[in-house]
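Peer 1: So the sequences go chain by chain: A and X.
In case it helps, UniProt numbering puts the first sequence at residues 1 to 338.
In case it helps, UniProt numbering puts the second sequence at residues 1 to 338.
Protein chains: 2
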Amino acid sequence: MAHGSTRPTSRDVAQAAGVSQAAVSLVLGDKWRGRVSQATAERVREAARELGYRPNLAARNLRLGRTRTVLLVVPALTTEFFAGVYTGAARIAAQNGFGVVLYPSPEGIGPARDPFASAQAALDGIIASSMAADALTALRGDQLPLVMLDSDPEGSLGAATVNLDIADGVRQVAGHLLGLGHRRLLHLAADVASWTFEVRARELAARVGAVPGTSLLTVRAPISIEGARTAAETALSAKGPRPTAIICDDDKLAAGAYKAVRRLGLRIPDDISVTGLDDLALATAIDPELTTVRLDAELFGERGMQALLAVLDGRRPDGGDIPVELVVRGSTAPPSVP
Amino acid sequence: MAHGSTRPTSRDVAQAAGVSQAAVSLVLGDKWRGRVSQATAERVREAARELGYRPNLAARNLRLGRTRTVLLVVPALTTEFFAGVYTGAARIAAQNGFGVVLYPSPEGIGPARDPFASAQAALDGIIASSMAADALTALRGDQLPLVMLDSDPEGSLGAATVNLDIADGVRQVAGHLLGLGHRRLLHLAADVASWTFEVRARELAARVGAVPGTSLLTVRAPISIEGARTAAETALSAKGPRPTAIICDDDKLAAGAYKAVRRLGLRIPDDISVTGLDDLALATAIDPELTTVRLDAELFGERGMQALLAVLDGRRPDGGDIPVELVVRGSTAPPSVP
DNA sequence: CCGCCGAAGTTTTACGTATAACGTCTCCCG
DNA sequence: CGGGAGACGTTATACGTAAAACTTCGGCGG
């Protein structure tokens with residue numbers, strides 16, 4: 001470190017104010033009622049301001065044995081969804097004097113560095129999306145309080161879970177399409193092993209299976225526009241009667257489906273309906289605008305952080321899934337009757 | 001903290017291995033050649049593994065006076081661009097034993113908490129996007145090594161800068177459109193006071209102004225699809241000859257322009273050409289695919305981190321703007337000759 | 001007038017680590 | 001055979017903070 005002048009410490013402030021280091025700590029830590037006079041306290045604060053004093057966090061953390069920092073583990077930040085989650089979590093954290101460090105699970109970042117080395121910070125707790133499964137294995141073994149987002153409530157032993165009511169969203173989508181008269185459905189599924197996607201498949205099968213005379217074909221694709229386009233194009237080109245609607249596991253897949261449909265010379269929603277899930281900016285950028293399920297990412301983050309704070313306090317986090325909302329736009333219509 | 005069993009310290013490891021704490025530190029810190037025997041070193045490592053020892057980072061940071069952690073300050077994470085920057089920066093950081101903490105400048109996160117309180121971590125340096133101007137004011141006053149991304153090389157006193165060659169990108173876009181024969185251009189500009197956008201405006205004016213018989217109208221819009229649509233629609237509905245091409249400051253604005261064009265019953269690129277800048281996923285999701293300028297976000301992040309490492313080492317970061325590339329897709333064509 | 005209490009501080013200690021400074025013991029060379 | 005040079009450790013210390021334990025002093029009730 002070429003740092004010439006070292007930063008002022010609480011001892012420097014003490015000297016400047018003519019008091020002991022302990023007094024500085026008391027005043028700045030707001031624990032001085034009945035211990036330090038009003039006048040002295042003001043003098044200390046003035047000295048601190050004067051010197052531009054900032055407490056050394058490493059020292060404080062060492063002393064207190066906690067950091068008031070939590071880690072938010074998310075899959076590679078490829079959409080704005082997790083930006084929303086972060087925003088919500090950070091808001092609640094800030095209100096409680098906590099900081100949030102983001103740990104996007106590495107993808108080509110390097111040889112699987114563990115989150116702790118990477119975040120360097122010592123942590124009080126972790127909020128992790130179930131989609132960042134690879135990072136989770138590295139997390140196991142440490143006994144930090146953990147909150148899982150969108151994870152199997154049964155499977156995540158011990159850890160509290162906070163979930164979006166994806167199942168309800170899928171039911172709404174399926175109900176919407178079935179109500180319009182669609183009977184041949186294509187499920188464009190994310191090629192990711194994660195609970196949140198399993199729920200989609202399960203719920204869809206249940207809801208559609210309950211209606212006689214329906215068919216449901218599932219095709220898997222990586223979550224990218226190009227990957228989804230390829231998968232959808234192949235599925236739509238297959239022999240036999242064509243599906244009249246495509247239900248996509250998320251909006252990005254839906255964007256790929258749009259391209260597939262267009263390539264085949266078909267039109268949305270006239271020839272085929274498409275639905276997404278997320279309600280990203282993408283959903284209103286494409287034409288026609290996408291019928292999708294709106295997820296409140298910020299609320300998701302808020303609830304996640306609240307759950308973690310509860311765990312840290314020894315309280316039980318309050319449960320209840322976060323409601324989602326079907327947003328009907330121009331990409332769905334009754335099937336054309338040939 | 002309800003933490004029942006406290007984590008093992010280096011002293012615990014020492015006791016288990018039958019050596020002193022200092023020996024543990026030497027071995028685990030890989031400074032033991034000629035100080036500790038091969039056998040003892042192995043014994044220490046085994047004990048550490050056995051106990052699941054992890055060094056207390058707060059203590060280490062306090063001792064060393066540095067954290068090997070840098071802060072990456074970015075504007076609200078609303079696109080995948082900064083996710084790429086992070087990935088690149090984190091890769092280089094990891095190769096050098098550094099960690100990167102993300103600080104998305106708060107937007108509704110709370111009462112302007114300063115980055116240091118929020119990131120809690122003590123920092124060795126900062127990489128900041130010029131777009132996160134609000135957070136920067138909070139950073140001033142601290143003498144941390146600073147690297148600015150996409151910032152005025154002249155204006156950012158002292159701080160090293162790493163820039164994309166946006167000016168060249170704009171020249172390429174303008175050249176492309178002028179080459180196709182366009183003469184009436186609309187510049188859909190971002191309503192953000194930031195150097196990177198000023199460069200676009202300046203360079204565009206220079207390049208277009210050099211060609212006789214051209215007109216260039218500038219309209220500002222917030223960086224959102226809906227905001228851009230409104231602004232573009234208003235501009236296109238104005239009296240007088242209509243522009244034949246819209247040059248957008250980024251891809252999101254371009255998506256808004258698409259919607260405006262479509263609302264007016266016009267077609268891209270037949271009636272009007274549109275260009276973007278960024279090459280986000282969005283660019284290939286919309287129809288027709290967007291002619292835009294590809295920015296290598298990861299390389300940007302890598303170069304930023306390399307520059308910061310250089311500063312930390314007392315070396316001079318090597319300069320040179322990062323090249324960008326025009327990607328011609330379906331949204332541009334020669335103007336229709338009425 | 002004694003003893004106690006509260007105000008206003010100070011002294012001291014511990015947090016866990018990295019490393020400088022300090023012992024041994026053995027070997028080898030002159 | 002004296003002593004210097006490794007090899008192999010250990011002891012001691014500092015980093016900056018928070019807080020428990022201690023000191024001092026004036027006032028006041030009994």
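Every residue, glycine too, gets a C-beta built ideally from N, C-alpha and C.
Bear in mind that the values here come from a model prediction, so they are computed numbers and not experimental data.
Going by Cα to Cα distance, which pick from Gly256/X, Lys259/X, Asp271/X is closest to proline 241/X?
Peer 2: Answer by Cα proximity: Asp271/X.
Peer 1: With DSSP run on the structure shown, which of helix, strand or coil describes methionine 131/A?
Peer 2: Here methionine 131/A sits in coil by DSSP.
Peer 1: Where does the unbroken beta strand (DSSP E) through arginine 220/A begin, and where does it stop?
Peer 2: Arginine 220/A -> beta strand (DSSP E) spans 215 to 221.
Peer 1: Helix, strand or coil for arginine 11/A, going by three-state DSSP, please let me know.
Peer 2: In this structure, arginine 11/A counts as helix in the three-state DSSP scheme.
Peer 1: Say whether chain A places a C-beta atom closer than 8 Å to the C-beta of arginine 316/X.
Peer 2: So, not an interface residue.
Peer 1: From Ser331/X, Gly65/X, Gly18/X, pick the residue whose C-alpha is nearest to that of serine 273/X; which is it?
Peer 2: Nearest option by C-alpha distance: Ser331/X.
Peer 1: Rounded to a whole number of angstroms, what is the C-alpha to C-alpha distance between proline 145/A and leucine 72/A?
Peer 2: Approximately 12 Å, taken between the alpha carbons.
Peer 1: Assign proline 334/X to buried or exposed, taking buried as 16 or more other Cβ atoms, counted over all protein chains shown, within 10 Å of its Cβ.
Peer 2: Flag for proline 334/X reads exposed.
Peer 1: Would DSSP call valine 337/A helix, strand or coil?
Peer 2: Looking at valine 337/A - three-state DSSP - the assignment turns out to be coil, as it is neither helix nor strand.
Peer 1: Would you say valine 100/A and alanine 89/A are within 8 Å of each other, going by their C-beta atoms?
Peer 2: Taking 8 Å as the Cβ cut-off, valine 100/A and alanine 89/A qualify as a contacting pair.
Peer 1: Are there 16 or more other CB atoms within 10 angstroms of the CB of lysine 31/X, so buried, or fewer, so exposed?
Peer 2: With fewer than 16 other Cβ atoms within 10 Å, it is exposed.
Peer 1: Grab me the residues of valine 24/X's own chain with a C-beta within less than 6 Å of its C-beta, minus the 5 sequence neighbours each way, in chain order.
Peer 2: Only Ser10, Val13, Ala14, Val44 meet the Cβ criterion.
Peer 1: For aspartate 250/A, does the count of other Cβ atoms within 10 angstroms reach 16, so buried, or fall short, so exposed?
Peer 2: By the 10 Å Cβ count, aspartate 250/A comes out buried.
Peer 1: Is proline 8/A near tyrosine 53/A, with beta carbons less than 8 Å apart?
Peer 2: Yes. Within cutoff.
Peer 1: Excluding the 5 residues preceding and the 5 following alanine 190/X in the sequence, name in chain order all residues of the same chain whose CB lies nearer than 6 Å to its CB.
Peer 2: Excluding sequence neighbours, alanine 190/X sits near Phe197, Ile223, Asp249.
Peer 1: Take the Cβ of arginine 315/A as the centre, count every other Cβ of all protein chains shown within 10 Å, and call the residue buried at 16 or more, exposed below.
Peer 2: So arginine 315/A counts as exposed.
Peer 1: When we look at the beta-carbon of threonine 6/A and count the other beta-carbons within 10 Å, is it buried (16 or more) or exposed?
Peer 2: Per the 10 Å Cβ criterion, exposed.
Peer 1: May I have the straight-line CA-CA distance separating methionine 131/X from valine 192/X, to the nearest angstrom?
Peer 2: Looking at the two C-alpha atoms, the distance is approximately 8 Å.
Peer 1: Beta carbon of glycine 304/X, beta carbon of leucine 77/X: below 8 Å?
Peer 2: No, they are not a contact pair.
Peer 1: Looking at the structure shown, is alanine 193/A part of a helix, part of a strand, or coil, going by DSSP?
Peer 2: Alanine 193/A: coil per DSSP, three-state reduction.
Peer 1: Taking the beta strand (DSSP E) that glutamate 298/X falls in, what are its first and last residues?
Peer 2: Note, glutamate 298/X: premise wrong, no beta strand (DSSP E); alpha helix (DSSP H) at 297 to 312.
Peer 1: Check for me: the beta strand (DSSP E) holding arginine 294/X runs from which residue to which?
Peer 2: Per DSSP, arginine 294/X belongs to the beta strand (DSSP E) from 292 to 294.
Peer 1: I want to verify the contact list: residues of chain X whose CB lies under 8 Å from the CB of threonine 78/A, in sequence order.
Peer 2: Those are Glu80, Ala83, Ala281, listed as they occur along chain X.
Peer 1: Between which residues of its own chain and leucine 26/A is the CB-CB distance below 7 Å, once the five residues before and five after are set aside?
Peer 2: Counting only Cβ-Cβ distances below 7 Å, and skipping sequence neighbours, we find Trp32, Arg35, Val36.
Peer 1: For a contact meaning CB atoms closer than 9 Å, what does glutamate 104/X contact in chain A?
Peer 2: Residue identity differs from the one stated: residue 104/X is proline in this sequence, not glutamate. Within 9 Å Cβ-Cβ: Ala83, Tyr86, Thr87, Ala90, Leu102.
Peer 1: For the beta strand (DSSP E) that valine 170/A lies in, which residues bound it at each end?
Peer 2: Looking at the DSSP string, valine 170/A is not in any beta strand (DSSP E); the run it does join, the alpha helix (DSSP H), is 166 to 180.
Peer 1: Less than 8 Å between the CB atoms is what I'm expecting for valine 324/A and leucine 164/A, so what's the real figure, rounded?
Peer 2: With a Cβ gap of about 6 Å, valine 324/A and leucine 164/A count as contacting.
Peer 1: With a CB to CB cut of under 6 Å and the five nearest residues on each side skipped, what residues in its chain are close to alanine 297/A?
Peer 2: Once the five neighbours on either side are set aside, the close Cβ partners of alanine 297/A are Phe81, Gly84, Val85.
Peer 1: Since I believe threonine 244/A is in contact with valine 173/A (beta carbons under 8 Å), could you give me their beta-carbon distance rounded to a whole number of angstroms?
Peer 2: Between threonine 244/A and valine 173/A the Cβ distance is about 14 Å, and since that is not below 8 Å, they are no contact.
Peer 1: In this structure, how does DSSP classify glutamate 325/X when only helix, strand and coil are distinguished?
Peer 2: Residue state, collapsed to three classes: strand.
Peer 1: Please classify aspartate 318/X as buried or exposed, where buried requires at least 16 other C-beta atoms within 10 Å of its C-beta.
Peer 2: Exposed, by the Cβ-count rule.
Peer 1: Take arginine 220/A and list the residues in its own chain whose beta-carbon comes closer than 6 Å to its own, dropping the five residues that flank it on each side.
Peer 2: The answer, listed in chain order, is Ala189, Asp191.
Peer 1: Give me whichever residues DSSP pairs with proline 104/A in a beta bridge.
Peer 2: In DSSP, proline 104/A forms a bridge with Val74/A.
Peer 1: Leaving out five residues on either side along the sequence, give the residues of the same chain with a beta carbon under 7 Å from the beta carbon of isoleucine 286/X.
Peer 2: For isoleucine 286/X, where only same-chain residues beyond five positions count, the Cβ hits under 7 Å are Ala255, Tyr258.
Peer 1: Tell me, to the nearest whole angstrom, how far the beta carbon of alanine 167/X is from that of valine 147/X; I am working on the premise that it is less than 8 Å.
Peer 2: Going by Cβ atoms, the distance from alanine 167/X to valine 147/X rounds to 20 Å, so no, they are not a contact pair.
Peer 1: Going along the stretch 296 to 327 of chain A in order, which residues come within less than 9 Å of chain X, judged by CB to CB distance?
Peer 2: Within the stretch 296 to 327 of chain A, the qualifying residues are Glu298, Val311, Leu312, Asp313, Gly314.
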